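As structure tokens, the structure follows; a few thoughts come after it.
Protein chains: 2
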Amino acid sequence: MNGMEKDHYFMGLAIEEAQKAAQKGEVPIGAIIIQGDRVIARAHNLRETTRNAVTHAELLAIQQACEALDNWRLEDTKLYVTLEPCPMCAGAILQSRIPHIVYGARDSKAGCVDSLYRLLNDERFNHQCEVTENVMADECGGLLTQFFRDLRARNKNKRKTQA
Amino acid sequence: MNGMEKDHYFMGLAIEEAQKAAQKGEVPIGAIIIQGDRVIARAHNLRETTRNAVTHAELLAIQQACEALDNWRLEDTKLYVTLEPCPMCAGAILQSRIPHIVYGARDSKAGCVDSLYRLLNDERFNHQCEVTENVMADECGGLLTQFFRDLRARNKNKRKTQA
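Protein chains in written order, with UniProt numbering: chain A, 1 to 163; chain B, 1 to 163.
Shown next, in the form of structure tokens:
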């Protein structure tokens, strides 16, 4: 596989994770961490299921990867995530020293990699991270659009039933 | 207790947490979360012990509080932390909707509440958080200064023994 094929392959796995989230009624965001060509972590957003504010896909994947490598430094790894990370997850990427992330769709409301801030490229922090964006962005964003469309339709039906 | 006495009392508990971290060889940072006058979470930095990059005091305390309230929304709570939060922890404060934080010392290298960014007061995010800084800052900062002084001395002795 060349670089682009590899990125599509692993983003495909992250999308599978996002689909698992949707099936649980969770906002569909998925993440994968690889070292070389080996997947060392896969996770999806679980905020409603766990009732725990920090259980975003990236946070869960980073914790899995730390356990897999028995190290808080995730050297030589690459994180794939379907949506541009929020401030918490961008910060966790810096904390775990991930050298490279690949993401799908931009998040204009809370994205802190390109949209609202560029936290991963701020040289005042003790780590910077290479960023590849816009990998399968339509598929990644489409999952979110569909999820919120379905949610609105369900809520509308519920209101009708209750009326 | 008036507001300032209360802040000193709870920051004192956060300092006790930071001291527990130091005893384990961890960078001494501690955090407390209260609801009303009840402590619902207390935690200290455990990054080296757990080998998990996200186990900062604030992240651990937020997760404990979510469990205590069985909710990812930490409404009517207040977080006390000895050091200005990093981007990850500032982001976690936004994610968990904590309405008010109180911190001790500023962190000029990575602080994202006042020093490098003001993430908790950015109206583009869907939550903002009231901030009180400089509560027992000398005690909080002094713990860190002493910890790193001791660490340098131990490393120097180690090099001497090995030479």
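Heads up, the beta-carbon is just placed ideally off N, CA and C, and yes, glycines get one too.
Fair warning: this is a prediction, and the values are worked out from it, not measured in the lab.
B/GLU67: member of the alpha helix (DSSP H) spanning 57-69, first to last residue. For A/ASN71, the nearest CB of chain B lies under 9 Å from its own CB, placing it at the interface with that chain. Looking at the DSSP output, A/GLU130 bridges to A/HIS100.
Any Cβ of chain B closer than 9 Å to the Cβ of A/THR55 would place that residue at the interface, and such an atom is present. By a beta-carbon distance limit of 8 Å, B/ALA43 does not contact B/ALA22. Their separation comes to about 14 Å. At least 9 Å separates the beta-carbon of A/ALA41 from that of A/ILE29. Within the DSSP secondary-structure output, B/ARG38 pairs in a beta bridge with B/GLN35.
Within the DSSP secondary-structure output, B/LEU83 pairs in a beta bridge with B/ALA105. Each of B/ASP114, B/ARG97 and B/THR132 was checked against the Cα of B/ASN126, and the nearest Cα belongs to B/ARG97.
In the DSSP secondary-structure assignment, B/ALA43 is bridged to B/ALA31. Shortest Cα-Cα distance from B/VAL27 to any of B/GLN35, B/GLU17, B/ILE34 and B/GLY36 involves B/GLU17. DSSP places A/LYS78 in the strand class (E or B) of the three-state scheme. Contact between the region 74-93 of chain A and the region 85-93 of chain B is present, with at least three C-beta pairs closer than 8 Å. In the three-state reduction of the DSSP assignment, A/PHE125 falls in the coil class, being assigned neither a helical nor a strand state. For B/LEU116, the three-state secondary structure derived from DSSP is coil. The beta carbon of B/ALA110 is closer than 6 Å to those of CYS86 in its chain, skipping five residues each way along the sequence. Shown in chain order are the members of the region 125-138 of chain B whose Cβ falls below 8 Å from a Cβ of chain A: PHE125 and ASN126. Chain-ordered listing is empty here: chain B has no CB closer than 8 Å to the CB of A/MET4, the nearest sitting near 29 Å. Put simply, the CB of A/ILE40 is far from chain B, with every gap to its CB atoms at 9 Å or more.
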